[in-house]
Amino acid sequence: MAKPPEEMIFIGVSEPGGPDALTLLKAPVPLPAADEVLIKVHAAGVNGADLRERQGKYPVPPGAPDIMGLEVSGEVIKVGRSCQTLKPGDNVCALLIGGGYAEYAVAPEGQCMRVPNGVPVIDAAGLPEVFCTVWTNMMDRCRLQAGETVLVQGGTSGIGFAAIKIAKAFGASVFATARTAAKCEAIRRFGADAAINYTVDDFHDVALELTNGRGVDVIIDIIGGDYLPREVALLAHGGRLMIINLRGGKIAEVDFGHVHSKHLTITGARLRPRSIAEKSAICRSLEANVWPLFEDRTIMPETYAVFPFSEAAAAHRLMESSEHIGKVLLVP
Ligand SMILES: NC(=O)c1ccc[n+]([C@@H]2O[C@H](COP(=O)([O-])OP(=O)(O)OC[C@H]3O[C@@H](n4cnc5c(N)ncnc54)[C@H](OP(=O)(O)O)[C@@H]3O)[C@@H](O)[C@H]2O)c1
């Protein structure tokens with residue numbers, strides 16, 4: 003196995019700002035700690051958080067590297083002395099606290115997952131962040147059950163894609179929202195039972211009609227703001243609202259009579275600041291419960307575009323345009 007070089011190229015930020023602030027820089031190749039592995043990056047996933055981090059608007063958790071990037075795939079080339087399962091030469095995808103936009107990245111061994119059989123290593127870079135987030139929030143916390151209904155806001159986002167796929171695979175009925183007819187078509191292609199164009203229809207009214215007035219059991223929300231009162235009103239008895247992000251605003255006037263009378267649960271969570279132990283447990287659960295769905299082709303990765311590191315600005319511009327459907331990746 004070739005030794006890693008001393009220096010690597012990474013995508014840095016010249017000064018917080020627009021996509022053109024992204025620039026290629028050099029840094030020492032990181033050294034793995036005892037419980038970490040060094041990965042030669044084949045691809046890095048682009049996430050909504052990266053856009054805000056580039057602008058200097060994302061509260062980076064303590065201990066995170068200065069380099070952006072929450073997920074990678076690639077080959078393990080070095081393992082720390084207390085690593086137990088991985089060895090040089092293994093292909094993995096990994097959930098990172100940061101550092102993915104680089105030729106080499108370190109990850110705690112527990113946050114590495116094998117690449118599911120049949121999934122190209124490059125596409126695997128787009129799996130950890132959105133599938134870990136959806137699995138832990140929709141299945142662990144909201145306990146979505148077969149036969150229940152779920153509304154996914156932003157059905158063509160990376161998060162939306164993962165939510166639709168997992169919910170359908172586990173026997174739920176799924177409705178999802180999007181801005182255009184083409185995106186609604188993609189939502190149906192992902193397997194959702196109904197797509198709601200939110201520029202034409204009110205998701206509350208459509209979902210209420212689709213459930214014959216009963217309401218939905220689980221809502222996966224990335225918008226918040228003025229969606230919140232309508233979501234709380236839409237939930238069925240015992241319903242659960244999962245706040246993944248609040249892009250549309252943190253403040254809302256909500257009729258808590260719905261919470262009281264319908265026994266609702268409103269919750270939220272962020273993945274990035276969680277402990278290595280928590281993230282590792284999510285990764286093991288994903289390998290056990292979701293990777294088999296990739297291996298029998300119930301789920302295929304949804305990679306929309308792959309850009310070389312030198313075109314990182316174009317990748318960020320695409321994410322900001324919201325034209326993409328599924329994941330955008332960067333390759334060194
Ligand atoms: N809590 C966590 O741990 C966690 C983890 C990962 C991601 N996230 C968050 O989850 C969100 C999705 O992440 P991503 O990487 O998958 O981002 P992404 O692919 O860029 O998706 C953003 C989505 O928001 C949709 N959207 C914007 N306005 C909307 C509206 N008014 N109604 C419905 N949909 C709307 C866009 O779809 P249209 O073009 O159809 O509007 C787009 O699909 C981001 O905000 C990200 O920060 C949170």
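Heads up: the sequence shown begins at 3 in the numbering used here, then just goes up one per residue.
Note that beta-carbon positions come from the ideal geometry of N, C-alpha and C, so glycine has one too.
Opening and closing residue of the alpha helix (DSSP H) in which Y103 lies: Unbroken run through Y103: none, as it is neither H nor E.
By alpha-carbon positions, which one of I41, T213 and P64 ends up nearest to C95? A check of alpha carbon separations from C95 across I41, T213 and P64 identifies I41 as the nearest.
For L236, which of G259, P30, I246 and G250 has the nearest alpha-carbon? Comparing Cα positions, the closest option is G259.
Simplified DSSP state of K167, which is helix, strand or coil: DSSP, read as helix, strand or coil, puts K167 in helix.
In the DSSP output, what is S75 paired with across the bridge? Note: S75 sits in a beta bridge opposite A45 and C95.
Beta-carbon proximity check, K329 vs G102, cutoff 8 angstroms: In this structure, G102 does not lie closer than 8 angstroms to K329 by Cβ.
Count Cβ pairs between the segment 298–307 and the segment 122–139 that sit closer than 8 angstroms; are there 3 or more? Contact between the segment 298–307 and the segment 122–139 is present, with at least three C-beta pairs closer than 8 angstroms.
Would V136 be called buried (16 or more neighbouring beta carbons within 10 Å of its own) or exposed? Result: buried.
Would G226 pass as a contact of G251 if the rule is Cβ separation under 8 angstroms? In this structure, G226 places its C-beta atom within 8 angstroms of the C-beta atom of G251.
Given F345 as reference, the closest of F133, T151, R190 and G91 once Cα atoms are compared: Beyond the ends of the chain as shown, which are 3 and 334, falls residue 345; an answer cannot be given.
To the nearest angstrom, how far is it from the Cα of V154 to the Cα of L212? Within the model, the alpha-carbon separation for V154 versus L212 is close to 14 angstroms.
With distances taken from CA atoms, which of N214, G112 and G162 is nearest R191? When the alpha-carbon of R191 is set against those of N214, G112 and G162, the nearest one is in G162.
Is F309 helix, strand or coil when you go by DSSP? In the structure shown, F309 adopts extended strand secondary structure according to DSSP, grouped into three states.
Under the three-state DSSP convention, the category K5 falls into: Per DSSP, reduced to three states, the secondary structure at K5 is coil, with no helix or strand assignment.
Along the chain, where does the alpha helix (DSSP H) containing T135 start, and where does it finish? Per DSSP, T135 belongs to the alpha helix (DSSP H) from P130 to V136.
Comparing C-alpha positions only, which one of T87, A171, L26 and E150 sits nearest to M115? Closest by alpha carbon: T87.
Beta-bridge pairing of V218 - partner residues as DSSP gives them: Paired residue(s): L237.
For A194, the nearest candidate out of V31, V152 and T182 (CA to CA): A194 has its Cα closest to that of V152, out of V31, V152 and T182.
Among G82, S312, V218 and A148, whose alpha-carbon lies nearest the alpha-carbon of A35? Of all alpha-carbon atoms in G82, S312, V218 and A148, the one lying nearest the alpha-carbon of A35 is that of G82.
Go ahead and pull the three-state DSSP assignment for N199. In the structure shown, N199 adopts extended strand secondary structure according to DSSP, grouped into three states.
Starting from S337, trace the beta strand (DSSP E) in both directions and tell me its first and last residue. The question about residue 337 has no answer here: the residues shown for the chain are numbered 3 through 334.
Given V31, which residues of its chain have a CB within under 8 angstroms of its CB, disregarding the five upstream and five downstream residues? If you ignore the 5 residues before and after V31, its C-beta comes within less than 8 angstroms of the C-beta of P6, P7, E8, E9, M10, L40, E105 and Y106, all in its own chain and listed in chain order.
Per DSSP, what are the beta-bridge partners of C114 in this structure? Note: C114 sits in a beta bridge opposite A96.
Smallest Cα separation from I253: which of D228, K264 and I268? In terms of Cα proximity to I253, the closest of D228, K264 and I268 is D228.
Span of the beta strand (DSSP E), counted from its first residue to its last, around V152: Per DSSP, V152 belongs to the beta strand (DSSP E) from T151 to V154.
Thinking I327 and K185 are a contact (beta carbons under 8 angstroms), I'd like their distance in whole angstroms, please. With 8 angstroms as the limit, I327 and K185 qualify as a contact, their Cβ atoms being about 6 angstroms apart.
Rounded to the nearest angstrom, what separates P231 and L248 at their Cα positions? Their Cα atoms are separated by approximately 13 angstroms.
Quick check: G241 and V208, are their CB atoms within less than 8 angstroms of each other? No, the pair does not count as a contact, with Cβ atoms beyond the cut-off.
Report the partner residues of E38 according to the DSSP bridge assignment. The partner list for E38 (beta bridge, DSSP) reads P110.
Let me know the secondary structure DSSP gives I225 once reduced to three states. Residue state, collapsed to three classes: coil.
Given 7 angstroms as the limit, tell me if H326 has its C-beta closer than that to any heavy atom belonging to ligand 1. Correct: H326 has its Cβ closer than 7 angstroms to ligand 1.
8 angstroms CB neighbourhood of K1 in its chain, flanking five on each side removed: What the structure shows of the chain is the stretch from 3 to 334, and residue 1 is not part of that stretch, so it cannot be assessed.
Is F311 close to chain B, meaning its C-beta is less than 8 angstroms from at least one C-beta of that chain? In the displayed structure, chain B is absent; only one protein chain is listed.
Looking at the strands, I want to know which residues DSSP matches up with I253. In DSSP, I253 forms no bridge with anything.
So what's M321 in DSSP terms, helix, strand or just coil? It is helical.
Is it buried or exposed for V74, if we count other Cβ within 10 angstroms and need 16 for buried? By the 10 Å Cβ count, V74 comes out buried.
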